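> Take this structure first; my questions come after.
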Amino acid sequence: MIKIVLVDDEQPAREELRFLLEKNSEMEIIGEFSSGVQTIEGIPNLQPEVIFMDVHLQDMDGIDVVRALQQLDMRASVVFATAYDVHAIRAFELNAVDYILKPFSQERLKVTIDRIQQRIQSHDQELTQKISRLIQEIGVKQRPRKLAATSKGRVVLIDPQELLYVVAEGRYASLVTEHKMWPTTFSLHEIEERLDPAQFLQTHRAYIVNLDRIKEVIPWFNSTYKIIIDGEKATEIPVSRTYIKKLKERLDV
């Protein structure tokens, strides 16, 4: 039997997951928790082999809960359950850690169970290390809510949601909003690190675009493309061959 703990602040979600898991005779639900604090206090006593962890709990982030459990030398496999869209959830995809999207499906859950069983049977010692790397990838850096630009000797804070695109001009990048271009003292790469990768994508060595503001994608010359940014004044942004595949994946075209 594989001992499992469910962590989700929504009781219907726990009940649904329990129902689906218990269809497999090798799965044993040994505990349920509805908060991060309860989980951290209760897991050491239960010693589960697998934890199904909701990413967003009311009192804590699920990632932080796992980090805290690792400090307690937790050795359980972790499966993240989340309602994130497919682009955001890609951050969780590692061989040692699985994820399931809400609403749950029996078919997808079977894939998860198969992965868990394979890991347990092979006694894979890399599991905990890969979970740690996942936690570091997601939680090591909190992106700032606003970006600093300069204007007439003053520092102006720009909400990333207002950006149409970012353009590199020499060593530094400028933030382009609906009505103005804002110079910064950051490089394009430094700006990229401060933006949400689910919303922004580099399309050229000199451009990062807001995916939500793309109006058209147009074939250009030499197997390249250009995109039209939907603003007060339509702007053409080049897409070099290096970034075409990633752009198509993100736009699902």
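If you're matching positions, the sequence shown starts at 820 in the numbering used here and goes up one per residue. Positions of the beta carbon are idealized from the N, C-alpha and C atoms, including for glycine. Quick caveat, the model's predicted, so the values are computed rather than measured.
1. What are the boundary residues of the alpha helix (DSSP H) that residue 864 is part of?
2. Using CA atoms only, rank isn't needed, just tell me which of 820, 851, 1042 and 832 is closest to residue 843.
3. If you count every other CB in all the chains shown that lies within 10 Å of the CB of residue 833, and 16 or more means buried, which is it?
4. Roughly how many angstroms separate the alpha carbons of residue 923 and residue 933, rounded to a whole number?
5. Return the first residue and the last residue of the alpha helix (DSSP H) that residue 871 is part of.
6. How many whole angstroms separate the CB atoms of residue 973 and residue 1030, which I take to be in contact at a CB cut-off of 8 Å?
7. The alpha helix (DSSP H) that contains residue 1053, what's its start and end?
8. From the DSSP output, read off the bridge partner residues of residue 1021.
9. Given a cut-off of 7 Å on the beta-carbon distance, is the pair residue 871 and residue 825 in contact?
10. To the nearest angstrom, report how far apart residue 981 and residue 1025 are at their CA atoms.
11. Provide the residue(s) that pair with residue 846 in DSSP beta bridges, ordered along the chain.
12. Over the uninterrupted beta strand (DSSP E) stretch that includes residue 1002, give me the two end residues.
13. Quick one: grab the DSSP three-state call for residue 884.
14. Relative to the C-alpha of residue 822, which candidate in 831, 1010, 935 and 880 has its C-alpha closest?
15. Could you tell me the alpha carbon to alpha carbon distance between residue 967 and residue 1023, rounded to whole angstroms?
16. Under 8 Å by Cβ, that's how I've got residue 1048 and residue 1034 pegged, so tell me the actual separation to the nearest angstrom.
17. Would residue 992 and residue 976 qualify as a contact pair, given that the criterion is a beta-carbon distance under 7 Å?
18. If you compare alpha carbons, which of 898, 929, 928 and 902 is closest to residue 918?
19. Tell me whether residue 1038 sits in a helix, a strand or coil according to DSSP, three-state version.
20. In whole angstroms, what is the alpha-carbon distance linking residue 858 and residue 874?
With the structure as the only source:
1. As a position in the sequence shown, residue 864 is number 45, starting the count at 1. Looking at the DSSP string, the run of the alpha helix (DSSP H) that includes residue 864 is 855 to 865.
2. Reading the sequence shown from its first residue, position 24 is the one you call residue 843. Of the candidates 820, 851, 1042 and 832, the one whose C-alpha sits nearest the C-alpha of residue 843 is 820.
3. Here residue 833 refers to the residue found at position 14 of the sequence shown. Per the 10 Å Cβ criterion, buried.
4. Here residue 923 refers to the residue found at position 104 when the sequence shown is read from its first residue. Here residue 933 refers to the residue found at position 114 when the sequence shown is read from its first residue. Using only the alpha carbons, I get a separation of about 16 Å.
5. Your numbering for residue 871 matches position 52 in the sequence shown. Here residue 871 belongs to no alpha helix (DSSP H); instead the beta strand (DSSP E) covers 869 to 873.
6. As a first step, residue 973 is located in the sequence shown; it is residue number 154 there, counting from the start. As a first step, residue 1030 is located in the sequence shown; it is residue number 211 there, counting from the start. That pair is no contact at about 30 Å.
7. The sequence position of residue 1053 within the sequence shown is 234, counting from 1. Counting along the chain, residue 1053 falls outside any alpha helix (DSSP H), and DSSP gives it neither H nor E.
8. Position 202 of the sequence shown, counting from 1, holds the residue named residue 1021. Residue 1021 pairs with 1027.
9. Taking the first residue of the sequence shown as 1, we reach residue 871 at position 52. Taking the first residue of the sequence shown as 1, we reach residue 825 at position 6. Result yes, Cβ atoms of residue 871 and residue 825 sit closer than 7 Å.
10. On the sequence shown, residue 981 is found 162 positions in, with the first residue counted as 1. On the sequence shown, residue 1025 is found 206 positions in, with the first residue counted as 1. Taking the straight line joining both Cα atoms gives about 19 Å.
11. The residue you call residue 846 lines up with position 27 of the sequence shown. Paired residue(s): 821.
12. What you label residue 1002 is simply residue 183 of the sequence shown in a count that begins at 1. Counting along the chain, the beta strand (DSSP E) containing residue 1002 begins and ends at 1000 to 1002.
13. Along the sequence shown, read from residue 1 onward, the residue named residue 884 stands at position 65. Here residue 884 sits in helix by DSSP.
14. Residue numbering aside, residue 822 sits at position 3 when the sequence shown is read from its first letter. Considering only alpha carbons, the answer is 935.
15. Walking along the sequence shown from the start, residue 967 turns up at place 148. Walking along the sequence shown from the start, residue 1023 turns up at place 204. Using only the alpha carbons, I get a separation of about 22 Å.
16. Residue 1048 sits at position 229 when you count from the first residue of the sequence shown. Residue 1034 sits at position 215 when you count from the first residue of the sequence shown. With a Cβ gap of about 7 Å, residue 1048 and residue 1034 count as contacting.
17. Looking up residue 992 in the sequence shown gives position 173. Looking up residue 976 in the sequence shown gives position 157. Going by C-beta atoms, residue 992 is not nearer than 7 Å to residue 976.
18. Position 99 of the sequence shown, counting from 1, holds the residue named residue 918. Checking every option, the nearest Cα to that of residue 918 belongs to 898.
19. Indexing the sequence shown from 1 puts residue 1038 at position 219. Strand at residue 1038.
20. Along the sequence shown, one-based indexing puts residue 858 at 39. Along the sequence shown, one-based indexing puts residue 874 at 55. Cα-Cα distance, rounded: 13 Å.
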